[in-house]
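Contents: one structure, followed by commentary.
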Amino acid sequence: MGSNSPDDDDDLTKDNKDNKVSSDRLPKKRPPSKLMACMTKHSLDTFRSKAIFSLAMLDSNGIRRRKFPLYECIILELKEAGYCDSSAYLQDLIYDNVQLVNQDDIGIVVDLRKREDYLEHISGVLQKVEKYRERNNTMKECTHLLKLAMHYAEREKGILWLAEKFYQVAIAVSSKHLLDGGRLKAICKYHYGKFLLDKFPGADPEEPFSLLTEVRDSAIGKTWPLSDAKEPGEVLPTETVFGATALQLHRVLLDKARAVRKTDTAKAERLARLAERRAKDAGETVKTAEAIIEIGICQLMMNNLNNAQKTFERAFKIHEWSGNVEGLCETRMHLAAVMQRLGEYETAAKLLTEMGASAMEHGLRRQLGRALHLLGELHLRRERPELGTQHLAEAFLCFMGFQFQT
């Protein structure tokens, strides 16, 4: 009874094999993590401390910024820090901005309330401005406002209203700075006038023209530099307030002359002569020649052919002296028009041929196309249809951008 039978041994062996097979089929347990194995109480405390100190510390301002709009928070922060003027000014800017946004039907105006980068930048500069105001440092106060205006003048179109406001404030502050004889005020007005011309080309030019005229009058006989040296010891820029303003006035006067040329040619000629004087004030020979050409065009329109010829020849000499190929091409074109009016067709054709050759040599496709076009019309008037048609076809190919073949 005490001994096992062979059948019992076979059953046990079979059971062991079955257990082994079933254990092989079960998934093995994942070994315990080494990290957990080394996590003692001390290391856990250290890990927790590092995690806590790596979190950003939130003060009262930080908590407020998480709950309220940023522009409201910045206005309050400025006031709490003692920058009451900056806080009030920023609040006024936001109010004006909201009015502009509500009136904007096409969605161009930038909403300052949604531009955190602009808000932070403006508030930072306003704090500096208020500090300099408290110290009666009008020059620094005005300079920072002017830089702020110029900064936003180069941003997108929807923020130009803000640049204009900063320009106006800078001009107002510069009126209090009398130590430099009015240079700072002139610089602010110059930049504001140029800003209006650059950013609002279709607007009435009377306001920038008036501003720039005031600047020129105040700068006559003075060698005020337009900008200061950025670093001590740096050579001062050579551009003066007087010269830079004269160039902008030349620009406005020429635009005015071209605008009234067809309706009041005599007035256009007078404006062009004023533009020539302003270009001479600035010492710009190319701009001087540009104004002289406009004078010649007006004389040609008034059928004053002899004076027009002399005027264009004067411009030609200036461009020849300065080596301005585009100016030479344009002057030859206008001289050819005078020669046609005088009945000197061969001279006109020669001038246009020279214009085309010079344009081809220097890769001036537009001038080449114009020369060919005018030559074609000239030959058609002289009843040379074959030459005229050929030149017009070549002009068409040139204007279409195809490579011109000689």
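All residue numbers for the sequence shown refer to our numbering, where the first residue is 40 and numbers rise by one.
Just so it is clear, CB atoms sit at the ideal spot from N, CA and C, and this is done for glycine as well.
Candidates the options, of which the one nearest residue i by Cα
i, options, result
"GLU422", "SER249, TYR384, TYR206, VAL208", "TYR384"
"ILE198", "ASP219, ALA225, ARG154", "ARG154"
"ILE332", "ALA321, ASN342, LYS349", "LYS349"
"LEU339", "MET394, SER397, ARG380, ILE133", "ARG380"
"TYR134", "LYS319, CYS123, ILE114, LEU187", "ILE114"
"HIS230", "ILE259, GLY241, LEU187", "LEU187"
"HIS216", "HIS358, PRO244, SER249, TYR171", "TYR171"
"GLU352", "MET341, GLY382, ILE334", "ILE334"
"LYS326", "HIS289, PHE355, LYS295, ALA387", "HIS289"
"LYS179", "VAL212, ALA354, MET189", "VAL212"
"GLU365", "GLN130, ALA388, ASN342, MET399", "MET399"
"THR177", "ILE357, GLY221, THR386", "GLY221"
"SER397", "GLU359, LEU117, HIS418, GLU119", "GLU359"
"ALA120", "LYS269, GLU169, MET189", "GLU169"
Proximity below 9 Å, CB of residue i to CB of residue j
i, j, result
"ILE336", "ARG300", "yes"
"ARG404", "CYS437", "yes"
"GLN207", "PRO247", "no"
"LYS263", "PHE281", "Reading off the sequence shown, one finds Trp at residue 263, where the question assumed Lys. Yes, the Cβ-Cβ distance between TRP263 and PHE281 is below 9 Å."
"LEU431", "GLY415", "yes"
"LEU374", "ALA330", "no"
"ILE210", "LEU265", "no"
"ARG371", "GLU393", "yes"
"SER361", "ALA318", "no"
"ASN427", "ALA410", "According to the sequence displayed, residue 427 carries Gly and not Asn. Taking 9 Å as the Cβ cut-off, GLY427 and ALA410 do not qualify as a contacting pair."
"LYS228", "LEU251", "yes"
"ARG297", "ALA307", "yes"
"PRO453", "ASP294", "As displayed, the chain neither begins before 40 nor continues past 445, which places residue 453 out of reach and without an answer."
"HIS412", "ALA387", "no"
"ALA258", "THR279", "yes"
"LEU139", "LEU129", "no"
Bridge-paired residues (DSSP) for residue i
i, result
"PRO264", "THR279"
Distance between residue j and residue i (C-alpha atoms, nearest Å)
i, j, result
"LEU344", "PHE205", "50 Å"
"LYS196", "CYS181", "24 Å"
"ALA127", "GLU173", "16 Å"
"VAL137", "SER214", "30 Å"
"GLU203", "ARG105", "32 Å"
"GLN406", "THR284", "31 Å"
"LEU218", "LEU184", "18 Å"
"GLU323", "LEU132", "41 Å"
"ALA376", "ARG309", "22 Å"
"ALA305", "GLU425", "40 Å"
"ALA4", "ALA192", "A question about residue 4 goes unanswered here, because the residues of the chain that appear run from 40 up to 445."
"GLY440", "PHE355", "28 Å"
"ASN363", "GLY402", "14 Å"
Minimum Cβ-Cβ distance from residue i to chain D less than 9 Å
i, result
"SER249", "Structure shown: chain D not included; a single protein chain is present."
*Three or more C-beta pairs below 8 Å linking the segment 140-158 and the segment 107-121*: The answer is yes - the segment 107-121 touches the segment 140-158, with three or more Cβ pairs under 8 Å.
_Would the segment 136-152 count as touching the segment 164-176 if we require 3 or more Cβ pairs under 8 Å?_
Flag = no, the segment 136-152 and the segment 164-176 do not touch.
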